[in-house]
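S.K.: Following this message is one structure expressed as structure tokens.
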Amino acid sequence: RKEVEQDPGPFNVPEGATVAFNCTYSNSASQSFFWYRQDCRKEPKLLMSVYSSGNEDGRFTAQLNRASQYISLLIRDSKLSDSATYLCVVNRGNNNDMRFGAGTRLTVKP
Amino acid sequence: EAEVAQSPRYKITEKSQAVAFWCDPISGHATLYWYRQILGQGPELLVQFQDESVVDDSQLPKDRFSAERLKGVDSTLKIQPAELGDSAMYLCATSSQFEAFFGQGTRLTVV
Numbered sequence: 240r241k242e243v244e245q246d247p248g249p250f251n252v253p254e255g256a257t258v259a260f261n262c263t264y265s266n267s268a269s270q271s272f273f274w275y276r277q278d279c280r281k282e283p284k285l286l287m288s289v290y291s292s293g294n295e296d297g298r299f300t301a302q303l304n305r306a307s308q309y310i311s312l313l314i315r316d317s318k319l320s321d322s323a324t325y326l327c328v329v330n331r332g333n334n335n336d337m338r339f340g341a342g343t344r345l346t347v348k349p
Numbered sequence: 600e601a602e603v604a605q606s607p608r609y610k611i612t613e614k615s616q617a618v619a620f621w622c623d624p625i626s627g628h629a630t631l632y633w634y635r636q637i638l639g640q641g642p643e644l645l646v647q648f649q650d651e652s653v654v655d656d657s658q659l660p661k662d663r664f665s666a667e668r669l670k671g672v673d674s675t676l677k678i679q680p681a682e683l684g685d686s687a688m689y690l691c692a693t694s695s696q697f698e699a700f701f702g703q704g705t706r707l708t709v710v
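These protein sequence lines map, in sequence, to chains A and B. FYI, this note's numbering numbers position 21 of the first sequence as 260, with every residue one higher than the one before it. FYI, this note's numbering numbers position 55 of the second sequence as 654, with every residue one higher than the one before it.
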């Protein structure tokens, strides 16, 4: 079993739809959590950090459930420009060790 | 804006040849990672440095891969000999505390 697991996707949604991605992690000592976005043939870039209280950035909402070792990302009112692969990232804390999920591919269609 | 520099951007090499990649981190970033990403998959950690010391190289195929960060600044990743299955994107990332910043990567094709 991989340390960070994500919905395999792909997700194909129409513009304006709401879509949610899930991620689970196995290392209970993990300390910080992130969602990264990766466009085709580009490097990953930070989308948002994930806090225990949940956090929102415009159309994007991230949630963390430490008890269930579960992270989610909700995208409301999807735009064509949201089409990308979304990577769940877990920082295990010791030595700043960052582990990536396999990514979930999203395609938003007109 | 400071960025992680990687070179070359693209590399085509024949199998059994040696190949090397270079990474120059954002100034002051103590943590440096090398990841390998196969098309359609997430980045897989190969090696992590804290300053000049290796923190984690458990996933590095040490029979053919080597990595160094001699002065705790820039880093090189070497493959010798290259195999067809090594074709992938090799990403360098650096971090000062939590967020990791990635370079544009080196796309390796082994023929």
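Just so you know, even glycine gets a beta-carbon here, dropped at the ideal spot from N, CA and C. As the structure is a prediction and not an experimental result, all values here were calculated from the model.
Quick check on DSSP: helix, strand or coil for N261 of chain A?
M.R.: N261 of chain A falls in the strand class under three-state DSSP.
S.K.: Report, in whole angstroms, the separation of the C-beta atoms of P642 of chain B and Q649 of chain B, which I expect to be a contact under 8 Å.
M.R.: Actually they do not touch by this definition, with Cβ atoms about 19 Å apart.
S.K.: State the start and end residues of the unbroken beta strand (DSSP E) segment that holds E682 of chain B.
M.R.: Looking at the DSSP string, E682 of chain B is not in any beta strand (DSSP E), and its letter there is neither H nor E.
S.K.: Nearest-angstrom Cα distance between F620 of chain B and R668 of chain B?
M.R.: Rounded to the nearest angstrom, the two C-alpha atoms are 12 Å apart.
S.K.: Just to confirm, are V347 of chain A and Y264 of chain A a CB contact at a threshold of 8 Å?
M.R.: Contact flag unset, no.
S.K.: Under 7 Å between beta-carbons, which chain A residues line up against T630 of chain B? List them in chain order, please.
M.R.: Those within 7 Å of T630 of chain B in chain A are N335.
S.K.: Are any of the Cβ atoms in chain A nearer than 8 Å to that of G704 of chain B?
M.R.: Closer than 8 Å: yes.
S.K.: Out of curiosity, what's the CA-to-CA distance linking T708 of chain B and L690 of chain B?
M.R.: Taking the straight line from one Cα to the other gives about 14 Å.
S.K.: Does DSSP put L638 of chain B in a helix, a strand or coil?
M.R.: Looking at L638 of chain B - three-state DSSP - the assignment turns out to be coil, as it is neither helix nor strand.
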